[in-house]
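Asker: Structure provided below as structure tokens; questions to follow.
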Amino acid sequence: MTAVLELQGVHTHIGAYHILHGVDLAVPAGEVTMLLGRNGAGKTTTLRTIMGLWAASAGSVRFRGQAIGGPDASATTPDIARAGIAYVPESMGIFSDLTVRENMLLAARAARREEQLDRARLDWIFGFFPALHKFWLYPAGKLSGGQKQMLAVARAIIEPRALLLIDEPSKGLAPAIVQNLVQCLAELKRERTTILLVEQNVMMARALGDQVAVMDDGRVVHTGGMAELAADAELQQRLLGLSLGAHA
Amino acid sequence: MTSHPADGAAIPKAQFDARPLWLLAAVMAIGWPLVGSGSTWLTLTVAGLAMGLIVFIIASGLTLVFGLMDVLNFGHGVFIAVGAFVATSVMGGMADWTGSASLGANLVAVGAAMVVAMAVAGAIGLAFERVIVRPVYGQHLKQILITMGGMIIGEELIKVIWGPAQIPLPLPEALRGALLLGDAAVERYRLLAVVIGLAVFVLLAWVLGRTKLGLLIRAGVQDREMVEALGYRVRHLFLGVFVAGSALAGLGGVLWGLYQQSVVPQIGAQVNTLIFIVIIIGGLGSTLGSFVGALLVGLVANYLGFVAPKAALFSNIALMMAVLLWRPQGLYPVGGR
Amino acid sequence: MLETRGLTIRFGGHVAVDHVSCAFAPGTLTAIVGPNGAGKTTYFNLISGQLPASEGQVLLDDMDISGLSAPQRTRRGLGRAFQLTQLFPGLSVQENVRLAVQARHGGGMNLWQVWRDRRDWLEETRELLTTVRLFDRRDALAASLSHGDQRKLEVALLMALDPRVYMFDEPTAGMSLDEAPVVLDLIRALKARRDRVILLVEHKMDVVRELADRIVVLHQGALVADGEPAAVIASDVVQQAYLGTAATQEAA
Amino acid sequence: AGEIRIAHIHSKTGPLEAYGKQTALGFKMGLEYATNGTMQVAGKTLVLIEKDDQGKPDLGKSLLAAAYGDDKADIAVGPTSSGVALAMLPVAAEYKKILLVEPAVADSITGDKWNKYIFRTGRNSSQDAISNAVALDKPGTVIATLAQDYAFGRDGVKAFKDAIKTAKVVHEEYLPTNTTDFTAGAQRLIDKLKDQPGRKLIFIIWAGAGNPFKIADLDLKRHGIEIATGGNILPAMAAYKNFPGMEGASYYYFGIPKNPVNEAMVAQHYKQFKQPPDFFTAGGFSAAMAVVTALKKTNGDTATPKLISTMEGMSFDTPKGTMTFRKEDHQAMQSMYHFKIKVDPAFAWGVPELVREIKASEMDVPIRNKR
Amino acid sequence: MIDRLLSADPPRSRLLAVLLLATVLGLACAPFLFPGAKALGVAAKMLVFILLVASYDLLLGYTGIVSFAHTMFFGIGAYGVAIGATRLGGEDGTGFGALLIGVAGALGLSLVLGLLIGLFSLRVKAIFFAMITLAVAAAFQGLASQLSDVTGGEDGLSFSVPEVLTPAFEPFVAPVLGRVIDGQVFTYYLIFTVVLMVFLALLRAVNSPFGRVLQAIRENDFRAEAIGYRSAVYRTGSTLLSALVATLAGALLALWLRYTGPDTTLSFEIMLDVLLIVVIGGMGTMYGAVLGSVLFVFAQNYLQEGLRWMGGEGGWLAEVPVLGALVSPDRWLLWLGLGFVLCVYHFPTGLVGRLRARSTPGPSPAGH
Ligand SMILES: Nc1ncnc2c1ncn2[C@@H]1O[C@H](COP(=O)(O)OP(=O)(O)OP(=O)(O)O)[C@@H](O)[C@H]1O
Ligand SMILES: Nc1ncnc2c1ncn2[C@@H]1O[C@H](COP(=O)(O)OP(=O)(O)OP(=O)(O)O)[C@@H](O)[C@H]1O
Ligand SMILES: [Mg+2]
Ligand SMILES: [Mg+2]
């Protein structure tokens, strides 16, 4: 099992605040790694640090063996994205003045004009998120909350990428669409796309997760297999403050 | 999985909004009975349209920078001034070419002035972007201040280099005077301006409308981080746009200076209000909008100036107010503002 | 107490809310469910006045309030928490809430009082922050909160207004498993007061099942089902259009 | 022994920087010339204090107060802009010291805003307008005016019209100061003039941004219409190259006056800068001549009443010949020059050739102040 | 007591407090500390700018409205006094009544125009509003120069003020503490008192519930509406309040200068100065207006002399080829512009923000 992405002792400061206190994390290739933790634990900050949107003040982030983050690395966010990482931010990052079409066109780096978009892949995406087809020419800012979320995910998968960083994709999605999303991610995994997923939705976590990392207070406090955690009620209580079974 | 949507369903194209163009036509139509005489109307209309195109050229760089990058560049005028001053130096040095009665030789001189002016203004734009504008992307207020600071510095440096006094910039021989269409006179120089203005417009409309560039930059303004996270180097893009905008201002400066036939260091500041009005009318950032806006400004100024010269002082502002009452976000609104 | 009659809005050709008529009584919690884009948030916007209706009325205590602006409706007792968080990002957590407290007391037009002097408002604010577990972070800027904490603050702003009609739009989305119950407890406590109208948009069916007295289903803008939770959830339209295959999984 | 302190307040910076610089230079050259390079009058050393009003009236006002109050200036000279000058006038009265205005032109400085401490060596707008009228006033001539639509422009046209005796002024065109496109105005002028008999002139009074001479590009010649205007600084006269034969009246052109003072100034200027002196250089020079002449007459006495009585009616030499401060309003009466433009490739500007010197006595410059 | 006066909004930084105290004392004693007409003029201008900038801070820093028409109100105040004095002042000089009527008329006009502008701002979005006010201000300036019968046009109006306020009025024979007490000194203290009181009132306003709502609207007006504040009302209120204070500032300036013209009150340059001072001082702090104004007005008036002193004119520096041209006092604007840019760079939160950040350790994220 090789790690596609590796974080070692990553510290991140936002302004005067010290948010990440030495995060160690390895994301194995071709699997889904769940990043869990309570509100404010530092999950989003971790993803942003990987994308180079916050600078890691100490430690290192390595992607396929290359250093992409840390005090010595010089890679900028565009470099990191070009290395093959797609990112679905927590705030969705929709370009609200642009139409759905234009949002998608921007996400597809290879396409210059709409005609150059991969029609088959687009249809595959529309299959999961039909609303995007319906509102193709709509300004994205006018979509409903759930539709924006769909667009955010769709943008990240319009072209194949080696690693997906996804921050709470299920929030605001209707149950049927959450199902589609799970299926979509499962299909991506089958194509050997590596996924690092932050999620509060227990059902999704259990359905997709291979590996688990639990964060608290800017550190990874537990790593292991999903199955292991799901089986251990006492561990759940200690790490997450409740039991996963309770809601299942 | 839910059912597939109809494959290859025709994707509707956005409708082109032609009403502002109709407005333009309407203004011309109203002008006729107001002016009365046909040849006078023709003279005024052609002159107004040509003036509009000159204004469009000096405003186009600002539209570009503001429309795409959301940068309120109050220092735009300095690039106009630089363009004009460079033209005095270049054309001064080519006295043989400008003095010759041959149109070809004259055009070579003007063309050389334009090329050099654009290059110099663009180069200064490069420095301006790096030193002055870059730290304040996304902060309008600071943009206003820092670019005004840049403008003051620029103006003072111009005074250091070219002196504080007015410098004549005579039109080359063959571009002076007018062509007569019956009783209507059309200045030759304005015809040159029309050609260049149209070329600039077509080029801009094509680059922005037909390439991904326009999209990228607009997106970059809204959420720069996200565009970078999609793998684009926003920084280079912005730099490129700014340089292009500055170069256009330099071009505008040459044309404006030649139109005025003399250049003062304040030449840029003098047109600041005018070009801001034009881009507001246009919709703060739409190329087509500021194109139509500039033509409107040119026409209305001439008709009003003929019919009621007293009112002409406020014609631009009145026009702007009227347009905004009709469309509060300008003729062609650019989303998000 | 709150009623909508034939409430409709069109955006161009798109009918986002389509003649929805529905009445809500105090003391009941009505869950509004429906697929993404069904018009739930828009329906809220129409009630609270963020959008003007194309047709139809909103009635509060049998008074037509359709012509009133959003702030006027708020002052008549309609309160709103937003699906996409709406805070005062540059102000501290405490000031965010305190502004809402002040709004309820209606002191905004006072130009001469020193703000600090209103200890009573401060006390109220602090109590609320304690309830939603944000007291420790009271001095942080709202913008610097993590997503989940911002959601809690969003709810706190609504609680501070203490309106007669509470409208929650997916209050727990993005909240972690141990925090969500805090909000749900608050909602339960509201319900227990029996004098408030509570509307809740929520995609988590377990929450809906547990809290709702009644479920209203919107689909493509129209009201397609309304009634007892169990019956509505079992209905075809909910099973197919909304839950999809999820129903089978949840049952398992 | 002792010092005589002279404050010169002018636009070292601001929109009129170029003019201010010429004045300052001329003033210094004038002091040197008048004192034969000693910078002394009656054994007292002239101390020159220069201040920059930046073209701002409030600043000019406080600088003048500071000059009289803090720097103990005995006499002040300046400023460049009329607006600044008008703000300054009351200060002179408050401090009871002389302000010699140069080159601000507004009539009201020696008109209704005048007080007895105010003298002016520069010409006023009336003098400008009247001299042009005298130059253009011929039987059978039909004139239309083109001016900026504000007080300055209107007053100028009024003075011009009042002084016209035999020619006919058929139209007054006023355009907004911010006009950039003169086509509409030109059309109106053409419509008014084209069917008139006789010689047809458009007389332009314009200062500031915008280039009204553009109207010539509309091929006025086909209607037999000519353009006329007053003199200007050399860079502005570059545009005159397009109008060979254009007539008007000018305040100064270095090649026109023939007198020792002018010859000395031109020679000195060429020596220092390899260029001829300009409009405002001559003005500054004249102001210096006035100051030194007065001081010589009082034998270095700087008491204001003494200076005033000396200067009233005083004649003094300048590059423009002899000027005289009129007793009533302290305006310097001076010659103006009727010119005709000749194009000479040796010069970058259209060269105004002297047609005739218009003596002060030929111009009936109204007295507008109340005393 | 002090806390009350400052409306419970203390400087919150020791250094800032010291600087403010020094400024207030310095301005209070300026006639005796700094000799000369120029120095007193500069001090008076500082006072007027403190008020003008503070009023703009209310609009910009607290309410988040970018308007370029603020100098219009400043001008209205100045012209109010000027026109009152020229029209109503009789042969035997101007009475206080004429001035008061002028000020009242100006306040009335500002009220009406402020309302109009406030209402217009509801129709268009922020950036359009800013641009429109730019044009409106230009139009107003054009109007002032057109109506030359009333306003004196480009030349402006010089006018007389009540005798006690003129330099000619000297009640004491001997100088007091080395300064001849004349009407100018009285005018100065009149200005000082008005500025101090109105400034404290503004400070109170921004620390009142009203002021807090303005901040809320600045941060998120959509949300402010959704908790029940009618942002239209508050915005208009803020526009009016700041317009009135600016009018008052204009009146004070006119009183001091005994002159009003388009360049002294209406020009875009002044608008820019105000904007810059707000930003340098620190937006939304009120105290920034004090420090910023003092610093800026000082630089504006003494930078040229500074360059001269450094040898930029006729001194050793002037001999250096390129540098000589650059440090010439005639190019002082170059250095002011450079100062502009550097200040915006280095004081993103303004002087006050910088000072406060230094002395109070920021609130640490609790819960760690
Ligand atoms: N811009 C910021 N400035 C200051 N502190 C911040 C900022 N952004 C985040 N923080 C702090 O960093 C900590 C971690 O935040 P982060 O958003 O990474 O949490 P999270 O695990 O993603 O939480 P959630 O589940 O609520 O999204 C929080 O305490 C938060 O307040
Ligand atoms: N301002 C608007 N202009 C145009 N269309 C809009 C606008 N607001 C909403 N819509 C459309 O109306 C429909 C209903 O949106 P709404 O936000 O109410 O959905 P929702 O039921 O809340 O969905 P979700 O569960 O995803 O939040 C969507 O298709 C949306 O695109
Ligand atoms: Mg998060
Ligand atoms: Mg919704």
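Residue numbers (the numbering used here), protein chains in the order written: chain D, 163 to 410; chain C, 16 to 352; chain S, 717 to 968; chain G, 36 to 406; chain H, 263 to 630.
Built from N, CA and C at the ideal position, the CB exists for glycine as well.
Note that the coordinates shown come from a computational prediction; the quantities given were computed from them, not determined experimentally.
1) Chain G beta carbons: is any one of them nearer than 8 Å to that of H:PRO293?
2) From the DSSP secondary-structure annotation, give me the bridge partner or partners of G:ILE239.
3) Check this for me: beta carbons of H:VAL456 and H:LEU514, under 8 Å apart or not?
4) Whose CB is closer than 7 Å to a heavy atom of ligand 3? List the residues in chain order.
5) With a 10 Å radius around its C-beta and 16 neighbouring C-beta atoms as the bar for buried, classify G:THR201 as buried or exposed.
6) Where do the ends of the beta strand (DSSP E) carrying G:GLY356 lie?
7) 8 Å is my cut-off, CB to CB: does C:HIS19 come that close to chain H?
8) On the DSSP bridge assignment, give the partners of S:ILE903 in chain order.
9) Span of the alpha helix (DSSP H) holding H:HIS608?
10) Does DSSP put D:GLY171 in a helix, in a strand, or in coil?
11) Using a cut-off of 9 Å between C-beta atoms, extract the partners of C:GLN344 located in chain H.
12) Beta-carbon within less than 6 Å of D:SER222's beta-carbon, same chain only, minus the 5 sequence neighbours each way: which residues are those?
13) What is the DSSP secondary structure of G:ILE291, reduced to helix, strand or coil?
14) Would you say the beta carbon of S:LEU939 is closer than 7 Å to some non-hydrogen atom of ligand 6?
15) Using the C-alpha atoms, what's the distance from H:ALA388 back to H:LEU320?
16) Going by C-alpha to C-alpha distance, which of G:ASP105, G:PRO138, G:HIS258 sits closest to G:GLY233?
17) What ranges does the beta strand (DSSP E) occupy inside the stretch 322–354 of chain G, keeping only unbroken runs of at least 3 residues that lie completely in it?
18) Under the criterion of a Cβ to heavy atom distance below 7 Å, does D:LYS333 qualify as lining ligand 4?
19) On the criterion of 16 or more Cβ atoms from any shown chain inside 10 Å, does G:HIS45 qualify as buried, or is it exposed?
20) Would you mind giving the Cβ-Cβ distance between C:PRO187 and C:VAL125, rounded to the nearest angstrom? I have them listed as a contact below 8 Å.
21) In its own chain, which residues sit with a C-beta less than 7 Å from the C-beta of G:LEU389, not counting the 5 before and 5 after it?
22) Given that G:SER117 touches chain H, what residues does it touch there, using C-beta distances under 9 Å?
23) Does the beta carbon of C:TYR274 sit closer than 8 Å to a beta carbon anywhere in chain D?
24) Using only the heavy atoms of ligand 2, determine whether one of them is closer than 7 Å to the beta carbon of C:GLY165.
25) Under a three-way DSSP split, which group does C:LEU184 fall into?
26) Going along chain H in order, which residues have a C-beta closer than 8 Å to the C-beta of G:ALA141?
27) Going by DSSP, which residues form a beta bridge with H:CYS291?
28) Taking C:VAL70 and C:VAL242 to be in contact with their CB atoms under 8 Å, please state how far apart those CB atoms are, rounded to whole angstroms.
29) Mind checking the stretch 224–244 of chain D against chain S and listing, in chain order, the residues whose C-beta falls within less than 7 Å of any C-beta there?
30) Going by CA-CA distance only, name the one from C:LEU79, C:PRO280, C:SER115, C:GLY212 that's closest to C:ILE168.
31) Tell me, please, whether the CB atom of S:PRO751 is closer than 8 Å to any CB atom in chain D?
32) Answer yes or no: do S:LYS920 and S:GLU895 have a C-beta to C-beta separation smaller than 8 Å?
33) Assess contact between the stretch 410–429 of chain H and the stretch 438–447 of chain H, defined as three or more Cβ pairs (one per stretch) separated by less than 8 Å. Is contact present?
34) Using the Cα positions of G:LYS196 and G:HIS206, report the straight-line distance between them to the nearest angstrom.
35) DSSP has G:ALA284 in a bridge; who is on the other side?
36) Taking DSSP's pairing of strands, which residues face S:ASP780 in a bridge?
Answerer: With the structure as the only source:
1) No, no contact with chain G.
2) Note: G:ILE239 sits in a beta bridge opposite G:LEU181, G:THR264.
3) Taking 8 Å as the Cβ cut-off, H:VAL456 and H:LEU514 qualify as a contacting pair.
4) Look at which beta carbons fall closer than 7 Å to any heavy atom of ligand 3; those residues are D:LYS205, D:THR206, D:GLU252, D:ASP329, D:GLU330, D:VAL360, S:SER862, S:HIS863, S:GLY864.
5) G:THR201 should be labelled exposed.
6) Where G:GLY356 is concerned, the enclosing beta strand (DSSP E) stretches over 356–360.
7) Its pLDDT being 40, under 50, C:HIS19 is placed unreliably by the model, and the measurement read from it follows with that caveat. Using beta-carbon distances, C:HIS19 does not count as an interface residue toward chain H, since no partner is under 8 Å.
8) S:ILE903 is not bridged to any residue.
9) Its alpha helix (DSSP H) spans residues 594–608.
10) Taken through DSSP and simplified to helix, strand or coil, D:GLY171 comes out as strand.
11) Within 9 Å Cβ-Cβ: VAL386, LYS387, PHE390.
12) Excluding positions up to five away in sequence, the list reads GLN170, ALA229, GLY232.
13) Per DSSP, reduced to three states, the secondary structure at G:ILE291 is coil, with no helix or strand assignment.
14) This structure simply doesn't include ligand 6; it includes ligand 1, ligand 2, ligand 3 and ligand 4 instead.
15) If you draw a straight line from the Cα of H:LEU320 to the Cα of H:ALA388, it is about 16 Å long.
16) Closest in C-alpha terms to G:GLY233, from the list G:ASP105, G:PRO138, G:HIS258, comes G:HIS258.
17) Counting whole runs of 3 or more residues, the stretch 322–354 of chain G contains the beta strand (DSSP E) stretches 350–353.
18) No, the beta carbon of D:LYS333 sits no closer than 7 Å to any heavy atom of ligand 4.
19) So G:HIS45 counts as buried.
20) Contact holds; Cβ gap of about 7 Å.
21) Within the same chain, Cβ atoms closer than 7 Å to the Cβ of G:LEU389 are found at ILE291, TYR372, PHE374, the five residues on either side in sequence being excluded.
22) Residues of chain H passing the Cβ test: GLU416, ASP417.
23) Not one chain D Cβ lies under 8 Å of C:TYR274.
24) The beta carbon of C:GLY165 sits no closer than 7 Å to any heavy atom of ligand 2.
25) C:LEU184: coil per DSSP, three-state reduction.
26) Neighbours of G:ALA141 on chain H, chain order: ASP417.
27) In the DSSP assignment, H:CYS291 is bridged to no other residue.
28) With a Cβ gap of about 32 Å, C:VAL70 and C:VAL242 do not count as contacting.
29) If the cut-off is 7 Å between Cβ atoms, the stretch 224–244 of chain D has nothing near chain S.
30) Considering only alpha carbons, the answer is C:PRO280.
31) For S:PRO751, the answer is yes, since a Cβ of chain D falls inside 8 Å of its Cβ.
32) No, Cβ-Cβ distance for S:LYS920 and S:GLU895 is not below 8 Å.
33) Yes, they touch.
34) G:LYS196 and G:HIS206 have their C-alpha atoms roughly 11 Å apart.
35) Looking at the DSSP assignment, G:ALA284 forms a beta bridge with G:HIS373.
36) DSSP lists S:LEU775 as partners of S:ASP780.
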